[in-house]
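Have a look at the structure below before the remarks.
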Amino acid sequence: MNEYIKSDLMRYYGKYDMLTFVKAIIRNKTFRFQYIFRLCNDNQGG
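So in the numbering used here, spot 44 of the sequence shown is number 33, and the numbers just go up one at a time.
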């Protein structure tokens, strides 16, 4: 799991584990957008 995604989970939920991640993806539209944004920026390389 990306360090930025872990920090986003920690900011929203106070912990980061796989169950929290799945719940966040399903329930939280803002986290879902932020997750996709992080993935796109991570894959650009440089």
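Backbone N, C-alpha and C define an ideal beta-carbon position, used for all residues, glycine too.
All of these numbers come straight from a predicted model, not from anything done at the bench.
- Would you say methionine -1 and tyrosine 5 are within 7 Å of each other, going by their C-beta atoms? yes
- Is phenylalanine 22 buried or exposed, if buried means 16 or more other CB atoms sit within 10 Å of its CB? Answer is exposed; the Cβ neighbour count stays below 16.
- Terminal residues of the continuous alpha helix (DSSP H) containing tyrosine 5? From DSSP, tyrosine 5 is part of no alpha helix (DSSP H); its letter is neither H nor E.
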